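Here's the structure we're looking at; comments come further down.
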DNA sequence: CGATACATGTAAGTAATACTTACATGCGGT
DNA sequence: ACCGCATGTAAGTATTACTTACATGTATCG
């Protein structure tokens, strides 16, 4: 994600090492403030005060206030990515993988409300977001989901008469809407139950199964 | 929606009549500006200039800049509501109604990009939105969808082993994600095809149907 | 060892902008 | 003719994101 100055190692992300302390403190301050306030009502003065760093450092280490927001989201996304890769270890089929992914995604939203708030509420409205490296990560995640769907189509687990990206959209849209109300109003989420119901609906559809003689 | 002064008739909405001309012009200006710019980068000066009205009038007729945005969305929602009621005339079953609703909803997003942008991108990030009369309309729409689902469960068309509000969430989440990319990047939407695919997925699920001897 | 280059940190300043306030104007009703 | 009230106007203010010019510490290199 390089800020202004591209250092040698550390590839730009906030990997804790190398990066100037003020930079890390500013990101931490942004995360903390987002727990209780929305992005627009957080002032740069507040951020620097909370971080115990000078206001101008925001603009040295990030493009602007939104750049800082994007960086915070970026770090969360890296964490999420690696977490989800691990989960896949023991998932043989595409549907298993999707079940896994849905659960991990919802769990991430539940246990990390700031992450959920940023992704679901705070970035979409700013056009520049869609040019950012952060958005590129999000897009990659989407591609990964599409890839799993494609895999499922190939193996015969998932229907092939609908474009895979549509199926991906339904999955991601479902996840989002199953969580967004809880995120906005700070309600709890029962991860297992929510993920289970969502997968059930996604896989089987909403139609009642007609009373066919014997199942399958 | 009453602004500051609650007039006798007109129930507050921008029903064209009674309301001061400047108020209408400001709303129209906001709509026009939103066609090309995001809410945050539209200034009050720009709004008033475009409307040919004085800047202070924004604050006389609306609570603030966001109040104006909410009013614009409110008007769109009224239009959408009445449009959707009409469509229902010739929809006997719950699934027919849902099919109808999905198509109407997507068509509305397609033919009214400003409406879609506001609802999908611009309001969610502001906490005050969820206290607004505008949000109450949106919530009512959600309740209506849930009601249709409940009707479908009662008639045996829709499965009853999942809470209706979950089914609603999947439907609305699906609609949103099927459209949001086109809204953000100003691509066209093929309403019929998109709605068809979405309903198909929603109703039947994403699993490939196993080769059961004879269908139904 | 001293000097230089550079990253990090600081403080004061500026332009833009959402919102306010106090004032003018037109008009309908009595 | 006059009063009340809704509508419209102009100038002002406080906030805030962002800038710029400067200070400090530290590691590198002659």
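Protein chains in written order, with my numbering: chain V, 8 to 223; chain E, 8 to 223.
Idealized CB from N, CA, C, for every residue including glycine.
Remember, predicted model here, so these are calculated numbers, not experimental data.
Under three-state DSSP, which class holds residue i?
| i | result |
| --- | --- |
| residue 171 of chain V | helix |
| residue 209 of chain V | helix |
| residue 62 of chain V | coil |
| residue 214 of chain E | strand |
| residue 95 of chain V | helix |
| residue 193 of chain E | coil |
| residue 222 of chain V | Any answer about residue 222 of chain V is weak, because its pLDDT of 46 lies below 50 and its placement is not dependable; what the coordinates show is given next. Here residue 222 of chain V sits in coil by DSSP. |
| residue 73 of chain V | helix |
| residue 19 of chain E | With a pLDDT of only 44 at residue 19 of chain E, under the threshold of 50, the placement of this residue in the model should not be trusted; the figure read from the coordinates follows. In this structure, residue 19 of chain E counts as helix in the three-state DSSP scheme. |
| residue 45 of chain V | coil |
| residue 100 of chain V | coil |
| residue 28 of chain V | helix |
| residue 51 of chain E | helix |
| residue 14 of chain E | Low confidence applies here, because residue 14 of chain E scores a pLDDT of 34, under 50, leaving its location unreliable; read the following figure in that light. Note: residue 14 of chain E maps to coil in three-state DSSP. |
| residue 9 of chain V | Residue confidence is low: residue 9 of chain V scores 38 on pLDDT, short of 50, so the model does not pin down where it sits. Its coordinate-derived value is still stated next. The answer is coil: DSSP assigns residue 9 of chain V none of H, G, I, E or B. |
| residue 177 of chain V | helix |
| residue 204 of chain V | helix |
If you compare alpha carbons, which of the options is closest to residue i?
| i | options | result |
| --- | --- | --- |
| residue 67 of chain V | V/116, V/95, V/126, V/26 | V/26 |
| residue 52 of chain E | E/42, E/70, E/33 | E/33 |
| residue 168 of chain E | V/203, V/100, V/77, V/185 | V/203 |
| residue 79 of chain E | E/185, E/160, E/65, E/99 | E/65 |
| residue 105 of chain V | V/145, V/46, V/149, V/54 | V/149 |
| residue 189 of chain E | E/36, E/217, E/128, E/173 | E/128 |
| residue 178 of chain E | V/133, V/205, V/98 | V/205 |
| residue 91 of chain V | V/151, V/40, V/158 | V/151 |
| residue 175 of chain E | V/156, V/89, V/41, V/186 | V/186 |
| residue 118 of chain V | V/86, V/77, V/102, V/180 | V/86 |
| residue 103 of chain E | E/42, E/131, E/155, E/74 | E/155 |
| residue 125 of chain E | E/40, E/164, E/160 | E/40 |
| residue 136 of chain E | E/147, E/163, E/77 | E/77 |
| residue 147 of chain E | E/56, E/172, E/30 | E/172 |
| residue 131 of chain E | V/56, V/43, V/191 | V/191 |
| residue 166 of chain V | E/42, E/70, E/165, E/216 | E/216 |
| residue 56 of chain E | E/36, E/181, E/46 | E/36 |
| residue 73 of chain V | V/99, V/38, V/95 | V/38 |
| residue 144 of chain E | E/88, E/182, E/28 | E/88 |
| residue 201 of chain E | V/200, V/183, V/201, V/170 | V/170 |
| residue 29 of chain E | E/46, E/75, E/47, E/158 | E/75 |
List, in chain order, every chain V residue whose beta-carbon is nearer than 8 Å to that of residue i.
| i | result |
| --- | --- |
| residue 164 of chain E | 214, 215 |
| residue 183 of chain E | 180, 183, 184 |
| residue 174 of chain E | 208, 213 |
| residue 128 of chain E | 131, 132 |
| residue 41 of chain E | In chain order: nothing, as chain V lies at least about 11 Å away. |
| residue 80 of chain E | Result: empty, since nearest Cβ-Cβ is about 14 Å, beyond 8 Å. |
| residue 144 of chain E | Within chain V, no residue comes near residue 144 of chain E; the closest Cβ sits about 16 Å away, beyond 8 Å. |
For residue i, return the contacting residues in chain V, with the cut-off set at a CB-CB distance below 7 Å.
| i | result |
| --- | --- |
| residue 134 of chain E | 45 |
| residue 207 of chain E | 169 |
| residue 72 of chain E | Those do not exist, as residue 72 of chain E stays about 12 Å from chain V at its closest Cβ, beyond 7 Å. |
Which residues of chain E have a Cβ atom closer than 7 Å to the Cβ of residue i, listed in chain order?
| i | result |
| --- | --- |
| residue 87 of chain V | Under the 7 Å cutoff, chain E gives no residues; its nearest Cβ is about 19 Å from residue 87 of chain V. |
| residue 211 of chain V | 212, 214 |
| residue 204 of chain V | 169, 173 |
| residue 84 of chain V | Neighbours of residue 84 of chain V on chain E: none; closest Cβ ~18 Å, over 7 Å. |
| residue 64 of chain V | Neighbours of residue 64 of chain V on chain E: none; closest Cβ ~24 Å, over 7 Å. |
Along chain E, in chain order, which residues have C-beta atoms closer than 9 Å to that of residue i?
| i | result |
| --- | --- |
| residue 191 of chain V | 131, 134, 137 |
| residue 108 of chain V | In chain order: nothing, as chain E lies at least about 13 Å away. |
So which residues on chain E does residue i lean against when the C-beta distance must stay under 8 Å?
| i | result |
| --- | --- |
| residue 33 of chain V | The premise fails here: residue 33 of chain V is roughly 21 Å from chain E at the closest Cβ pair, so nothing lies under 8 Å. |
Going along chain V, which residues have a C-beta under 9 Å from residue i?
| i | result |
| --- | --- |
| residue 76 of chain E | Simply none; closest approach about 11 Å. |
ask   = Which parts of the region 128-170 of chain V are runs of the beta strand (DSSP E), unbroken and 3 residues or longer, counting only runs that do not cross its ends?
value = none
query = Touch check for the region 49-67 of chain E and the region 94-114 of chain E: three-plus C-beta pairs under 8 Å?
reply = no
task = Report yes or no: do the region 113-120 of chain E and the region 183-198 of chain E share at least 3 C-beta pairs separated by less than 8 Å?
result = yes
inquiry  = Contact between the region 205-212 of chain E and the region 206-220 of chain V is defined here as three or more beta-carbon pairs at a separation below 8 Å; is this criterion met?
reply    = yes
key: Any 3 or more C-beta pairs closer than 8 Å across the region 121-140 of chain V and the region 81-96 of chain V   = yes
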